[in-house]
Amino acid sequence: MSFHKNCQNIRLEVVENQLTRLHCLAETHNGGWLTAWILLDSRIGNDNGVFSTKRGCKDFSKRCIFPQLQTHNGAPWLVAILPRDDNNMLNATGDGPNWQAIDLSRLIKNHNGELEWWDGSRLPL
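Printed below as a string of structure tokens:
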């Protein structure tokens, strides 16, 4: 099931160890609703100032500022200021913060009331 079309009250939560999870009400196949969440830090990282989902890139919360959820064309996007490896927080032109965004609807799906990564896993890479 589509993550953003079959979920309500989507929000970010900071949990123990300052990690970030996505929390929502997710629709089941029979039309019911369950509380669901997925730990974003298990698959999303800051790779020198850019969001990354490549293997081994995780724990973006430890290297981001002002994480927030925004909607673009109905899909939820994770948006934050991501410092580069040298701790520089300016964008490439140097005229403002290095705001970065990643489309969560392309990474997460609703599987009968449970959130999981598109590869069918809830586990980190």
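Residue numbers for the sequence shown, in the numbering used here: 521 to 645. Think of the CB as a built atom: it goes at the ideal place given N, C-alpha and C, for glycine as much as any other residue. Nothing here was measured: the structure is a model prediction, and the numbers come from that model.
With a cut-off of 8 Å on Cβ pairs, the stretch 526 to 542 is not in contact with the stretch 606 to 623, counting fewer than three such pairs. The C-beta of residue 565 has 16 or more other C-beta atoms within 10 Å across all chains shown, which makes the residue buried. Residue pairing by DSSP leaves residue 536 without any beta bridge partner. For residue 635, the secondary structure class from DSSP, reduced to helix, strand or coil, is strand. Apart from sequence neighbours up to five positions away, the residues of its chain that approach residue 572 with a beta-carbon distance below 6 Å are 565, ordered along the chain. Assigned with DSSP and collapsed to three states, residue 561 falls in helix. DSSP places residue 571 within a strand segment (E or B) once states are collapsed to three. In the DSSP assignment, residue 628 is bridged to 637. For residue 595, the uninterrupted beta strand (DSSP E) run begins and ends at 595 to 601, by DSSP. Looking from the CA of residue 559, the closest CA among 570, 533 and 567 belongs to 533. In this structure, DSSP gives residue 523 a state outside helix and strand, which the three-state scheme calls coil. The DSSP-derived three-state label of residue 531 is strand.
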